Amino acid sequence: MISQQQLKIATRGRGLYRLDDQLGRTVRESGIRTGLCHVFVQHTSASLLICENADPQVGRDLEAFLARLVPDGDPLFGHADEGPDDMPAHIRSVLTKMDISLPIVEGRCGLGTWQGVYLYEHRAHAHQRRVLVTLTGE
Amino acid sequence: MISQQQLKIATRGRGLYRLDDQLGRTVRESGIRTGLCHVFVQHTSASLLICENADPQVGRDLEAFLARLVPDGDPLFGHADEGPDDMPAHIRSVLTKMDISLPIVEGRCGLGTWQGVYLYEHRAHAHQRRVLVTLTGE
Amino acid sequence: MISQQQLKIATRGRGLYRLDDQLGRTVRESGIRTGLCHVFVQHTSASLLICENADPQVGRDLEAFLARLVPDGDPLFGHADEGPDDMPAHIRSVLTKMDISLPIVEGRCGLGTWQGVYLYEHRAHAHQRRVLVTLTGE
Chain A
54 MISQQQLKIA TRGRGLYRLD DQLGRTVRES GIRTGLCHVF VQHTSASLLI
104 CENADPQVGR DLEAFLARLV PDGDPLFGHA DEGPDDMPAH IRSVLTKMDI
154 SLPIVEGRCG LGTWQGVYLY EHRAHAHQRR VLVTLTGE
Chain B
54 MISQQQLKIA TRGRGLYRLD DQLGRTVRES GIRTGLCHVF VQHTSASLLI
104 CENADPQVGR DLEAFLARLV PDGDPLFGHA DEGPDDMPAH IRSVLTKMDI
154 SLPIVEGRCG LGTWQGVYLY EHRAHAHQRR VLVTLTGE
Chain C
54 MISQQQLKIA TRGRGLYRLD DQLGRTVRES GIRTGLCHVF VQHTSASLLI
104 CENADPQVGR DLEAFLARLV PDGDPLFGHA DEGPDDMPAH IRSVLTKMDI
154 SLPIVEGRCG LGTWQGVYLY EHRAHAHQRR VLVTLTGE
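Below, the structure is given as structure tokens:
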């Protein structure tokens, strides 16, 4: 069985946006009990990742790390048409990836206790992001 | 056809733990000849990756690189409840990812000659890690 | 339905090689309308990623970033049998990953407008790279 659905995520600028509830609902509605939940962000300046879900400081530390690793406005970058966060957003997305696959176990995403699934908006300003969810299984 | 199985990996602290044998056995037992082997670690401080499988120096160099990139005890990090390796373990996991999908070819994982599949334990101390394997194919 | 095919990509040394056309053809020939396109590079010194497809400067900036992050000939690395780009190629591949899964939507790869799929050759010299494409869906 295959089921595909597009989610729209309105971001308010750089940071993590949790997707667990929307993914869980999509899996539930599909009726799939065992299988895979593939999630894909159709952009090159936002990504998908799993992060610790309990302490909000983890997301802040991750952002501090990425901001140091890929500094906005770095003179190394020639591509800056859309501002100092343009090229860093592409690199952050490459490093954290735009696709993720989760197991479906007993009709739910088979996440560990401390795992949350997040869209990472890497641009400074708000964006409307399209996320395509493809569920396979039985 | 879908088959799902949980592996338990006892780590002895930070480092790479090869999974090829256990994954190969799981694929063989499923009877699937052509398909995909999805592997997922249900934690936020361990990850899954493919690495060169012949020279143990590669793993040591990768560890040296990650230790320099994401230093334990970095004052940048506010989240340190479980020690100086706590937040670095989360970031290393985000950078190297918790999910991986391998092709199944003629009843085996379709790895290249030099590819090995590894669990990367990012915490300093020993942990029991749950890895969920989902096989699809025919 | 499952379909598997091997692509051979002749690289001319370090850099990005676009795969969209070959992947699109493989999806079209399979007849699959809805599903997943899993792509896997059977090496440990080349990787697969999605990158902005319009401005060639993005690829140059990404290369400049990776060259700074994982310098060729870094004395940190003990594994250098095949030259100063040997270990950096392994690390770049680990950071950008060897597997990627794309959604298949209405018989095509469901990429966003600005997304291109690339093989990243991380070795300085030309190589012949094997890429295994596994399509599932209906």
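Those protein sequence lines, which keep their order, are chains A, B and C. Sequential numbering of the first sequence, starting at 54, is according to my numbering. Sequential numbering of the second sequence, starting at 54, is according to my numbering. Sequential numbering of the third sequence, starting at 54, is according to my numbering. Ideal placement from N, C-alpha and C gives every residue a C-beta, glycine not left out. From a predicted model like this one, the values you see are computed outputs, not experimental measurements.
Through-space distance from residue j to residue i, alpha-carbon basis
| i | j | result |
| --- | --- | --- |
| His143(A) | Gln168(C) | 11 Å |
| Ala179(B) | Ser56(B) | 29 Å |
| Val80(A) | Pro156(A) | 11 Å |
| Thr64(C) | Asp114(B) | 26 Å |
| Arg161(C) | Gly131(B) | 45 Å |
| Val186(C) | Glu82(C) | 12 Å |
| Pro109(A) | Tyr70(A) | 12 Å |
| Leu129(C) | Val123(B) | 15 Å |
| Ser98(B) | Glu116(B) | 15 Å |
| Ser154(B) | Gly68(C) | 24 Å |
| Ile85(C) | Gly77(C) | 11 Å |
| Gly163(A) | Gln75(C) | 33 Å |
| Arg182(B) | Arg182(C) | 33 Å |
| Val170(B) | Val147(A) | 21 Å |
Spatial neighbours of residue i in its chain, beta-carbon cut-off 8 Å, leaving aside the 5 residues before and after
| i | result |
| --- | --- |
| Val158(B) | Thr87 |
| Val184(B) | Gln59, Leu60, Lys61, Ile62, Leu72, Val92, Phe93, Val94, Gln95, Leu101, Leu172 |
| Ala107(B) | Trp167 |
Interface partners of residue i on chain A, CB under 7 Å
| i | result |
| --- | --- |
| Asp108(C) | His132 |
| Leu102(C) | Val147 |
| Val80(C) | Here the premise fails: no neighbours, minimum Cβ distance about 13 Å. |
| Gln168(C) | Gln95, Thr97 |
With 16 other Cβ atoms within 10 Å as the buried cut-off, status of residue i
| i | result |
| --- | --- |
| Arg145(C) | buried |
| Met54(B) | exposed |
| Asp134(B) | exposed |
| Pro141(C) | buried |
| Glu191(A) | exposed |
| Asp139(A) | buried |
| Asp152(B) | buried |
| Thr166(A) | exposed |
| Arg176(B) | buried |
| Arg121(C) | exposed |
Beta-carbon proximity list for residue i, same chain, < 7 Å, skipping 5 on both sides
| i | result |
| --- | --- |
| Pro137(C) | Asp125, Gly126 |
| Thr149(C) | Ser100, Leu102, Tyr173 |
Partners in chain C for residue i, counting only beta-carbon separations shorter than 9 Å
| i | result |
| --- | --- |
| Ile85(A) | Here the premise fails: no neighbours, minimum Cβ distance about 14 Å. |
Residue i: contacting residues in chain C (beta-carbon distance under 7 Å)
| i | result |
| --- | --- |
| Ile144(A) | Leu115, Phe118 |
| Pro92(B) | In the sequence on display, residue 92(B) carries Val and not Pro. None at all; the shortest Cβ gap to chain C is about 10 Å. |
Beta-carbon contacts of residue i that lie in its chain and below 6 Å, excluding the five residues immediately before and after
| i | result |
| --- | --- |
| Leu119(B) | Arg145 |
| Glu105(A) | Val111, Trp167 |
| Thr189(A) | Ile55, Gly88, Leu89 |
| Gly66(C) | Ala177, His178, Ala179 |
Partner residues on chain A for residue i, Cβ-Cβ distance less than 9 Å
| i | result |
| --- | --- |
| Thr149(C) | Val147, Leu148, Lys150 |
| Thr189(B) | Gly88, Leu89, Thr189, Gly190 |
Closer than 8 Å at the beta carbon, the chain B residues around residue i
| i | result |
| --- | --- |
| Arg183(C) | Gly165 |
| Leu129(C) | Asp114, Ala117, Phe118, Arg121 |
Residue i: contacting residues in chain C (beta-carbon distance under 8 Å)
| i | result |
| --- | --- |
| Val158(B) | Gln57, Leu185 |
Any non-hydrogen atom of the ligand NAP within 6 Å of residue i CB
| i | result |
| --- | --- |
| Phe130(B) | As presented, the structure is devoid of all ligands, the ligand NAP included, so that no description of it is given. |
Chain-ordered chain B contacts of residue i [CB-CB under 7 Å]
| i | result |
| --- | --- |
| His178(C) | Ordered by position in chain B, no residue passes the 7 Å Cβ test against His178(C), which lies about 17 Å from the chain. |
| Glu105(A) | Thr97, His143 |
Min CB distance residue i to chain E below 7 Å
| i | result |
| --- | --- |
| Ser154(A) | Going by chain labels, chain E is absent from the structure shown, which instead holds the protein chains A, B and C. |
(request) Write down every uninterrupted run of the beta strand (DSSP E) in the segment 115 to 173 of chain B whose length is 3 residues or greater and which is fully enclosed by it, in chain order. (result) 152 to 158
(request) List in chain order: all unbroken beta strand (DSSP E) runs of 3+ residues lying wholly within the segment 66 to 99 of chain B. (result) 68 to 71, 88 to 94
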